[in-house]
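Residue numbers for the sequence shown, in the UniProt record's numbering: 1 to 133. Note sheet for the following structure.
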Amino acid sequence: MDNREKAKLTDTEWIIMMLLWEKNPLTCRQIEDNLKEETGWSRHTIISFLKRMQKKNYVRMEEANPARLYYPLLDKNETVLQETRSFAKKIFDGKMGLLVSSLVDSEDITKDEINSMLQSLKKALVERDEQNG
Numbered sequence: 001m002d003n004r005e006k007a008k009l010t011d012t013e014w015i016i017m018m019l020l021w022e023k024n025p026l027t028c029r030q031i032e033d034n035l036k037e038e039t040g041w042s043r044h045t046i047i048s049f050l051k052r053m054q055k056k057n058y059v060r061m062e063e064a065n066p067a068r069l070y071y072p073l074l075d076k077n078e079t080v081l082q083e084t085r086s087f088a089k090k091i092f093d094g095k096m097g098l099l100v101s102s103l104v105d106s107e108d109i110t111k112d113e114i115n116s117m118l119q120s121l122k123k124a125l126v127e128r129d130e131q132n133g
């Protein structure tokens, strides 16, 4: 099992990964330009983050002309699911139903978001029924 399967991204790493999942490959300059307003990070700071993320096998760097290119190595869906499970385990004792209930009870959630969750839950029910024959 490599360390990508147990990725535990920091808040900083999430910011960079979300950008790389959205658009890749990117140069350090492109990452800086995309995140400058949100983070204020300097190029040196971003390079440090990227080097650390390379060591963890979260991103890969490819030498290119005129600048190095960075690619995500982590699968977005797997990483998000892993983080969601970790959060549910820590906060809701692993009970996903409590997580969903908490989200539904939130005043911040929109009707469209509730409908989307409901569709996902219905789809999951059908898939579980098909699996159980």
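Even for Gly, the Cβ is constructed at its ideal location relative to N, Cα and C.
By the Cβ criterion, the region 7-27 is in contact with the region 58-70, since at least three pairs of Cβ atoms, one from each stretch, lie closer than 8 Å. DSSP links L69 through a beta bridge to E62. Per the Cβ contact rule, the region 79-88 is not in contact with the region 38-54 (fewer than 3 Cβ pairs under 8 Å). DSSP places T84 inside the alpha helix (DSSP H), whose first and last residues are K76 to F92. For I31, the enclosing alpha helix (DSSP H) has its first and last residue at C28 to T39.
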